[in-house]
Amino acid sequence: MAHNHSHDHSHQMNVTNLNRAFYIGIGLNLVFVIVEAGYGWMYNSLSLLSDAGHNLSDVMSLVLSLIAFKLVKRKPTSTYTYGFRRATILASLINAVLLIFAVGFIIYEAVGRFMNPQPLEGGVVSVVAFVGIFVNGITAWLFLKDKEKDLNVKGAYLHMVADALVSLAVVIGGIIIIYTNWFWLDALLSILIGVVILAGTWSLLTQSLKLSLDGVPENINPEKVKQEILKINGVEDFQHVHIWALSTTENALTGHVRISDKLTIPEIENLKETIKHELEHLQIKHSTIETYFGEKHFEEDVF
């Protein structure tokens, strides 16, 4: 017997509030990519051209995340009965992979420049890179508040912070190069920052992959879920529990609850409503509960 309970709680993030952040971030970064690539071409600066290419990949990731959030709002169909919520999970996974490839490209280019340093216009490089810090800093700030609520937002935030750090390295390298002509310094700083970014991206990649494989979301403790449900009067056991993510902001659960055979049908319905309400407070918005009396054998018990 199943029953749906759909009222919202305040801890669920309203992704539509992020539309403005994505539009501003995409616009600012796209303009900066054009400017940075132009100056890189004019002054034959490989570092600026490489950074422009990296920023372009971030613009693509922001567009991908925005499309995913738009798909979430589309209604379910007879073919996609859950709607398109999982698009946000796929987007976060692709963003993590894109970030890793972008970092790999930066390190690859940096190693090449380190082995064969090229003369740079330190002043021009520093000024353009400083603008990059400003642009990426503003964009990262737009996502700061919600970065722990959604993997796509976290991915966007990490992309922008990574870009700001790379731009900072270019600024520092450019200033030092003006006075020392140590052209290899730009490459060394890029390698070090690339390693730092890669370490920070690992968590995003593993969480996205886990959700893609229907693993239990990071913010859900299955044992705690079971303990809280068992505290409810009328619940004798809670078995055959499956928890997974419908999207990067919504979780789902199915489970079997053993109840007392003394309960009436209205009391059973009220009990299920209580269970579903408690699950929402545990950040599980969609749940399907089957009730049964006495002992029941499950071949695929999770708990």
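FYI, UniProt numbering numbers position 166 of the sequence shown as 166, with every residue one higher than the one before it. Every residue, glycine too, gets a C-beta built ideally from N, C-alpha and C.
Coarse secondary structure for residue i, derived from DSSP in three states
| i | result |
| --- | --- |
| V216 | coil |
| G132 | helix |
| S78 | coil |
| F84 | coil |
| T248 | coil |
| K231 | coil |
| K154 | helix |
| Y43 | coil |
| D70 | Rather than Asp, the amino acid found at residue 70 in this sequence is Lys. Note: K70 maps to helix in three-state DSSP. |
Bridge partners - residue i, DSSP secondary structure assignment
| i | result |
| --- | --- |
| Y292 | R258 |
| L253 | I243 and S287 |
Span of the alpha helix (DSSP H) around residue i
| i | result |
| --- | --- |
| D237 | Where D237 is concerned, there is no enclosing alpha helix (DSSP H), although the beta strand (DSSP E) it sits in stretches over V235 to A245. |
| E148 | Taken as a continuous stretch (DSSP letters only), E148 belongs to no alpha helix (DSSP H), as it is neither H nor E. |
| T88 | A87 to M115 |
| I268 | I265 to H281 |
Inter-residue Cα distance where the pair is residue i and residue j
| i | j | result |
| --- | --- | --- |
| L189 | A37 | 20 Å |
| E228 | G173 | 55 Å |
| L66 | V72 | 10 Å |
| I106 | A21 | 26 Å |
| E148 | T180 | 42 Å |
| L98 | V35 | 22 Å |
| L48 | T201 | 23 Å |
| M115 | S208 | 36 Å |
| N19 | L263 | 48 Å |
Quick check for students: name the residue ranges of the alpha helix (DSSP H) that lie wholly in the segment 171-229, counting only runs of 4 or more. 184-212
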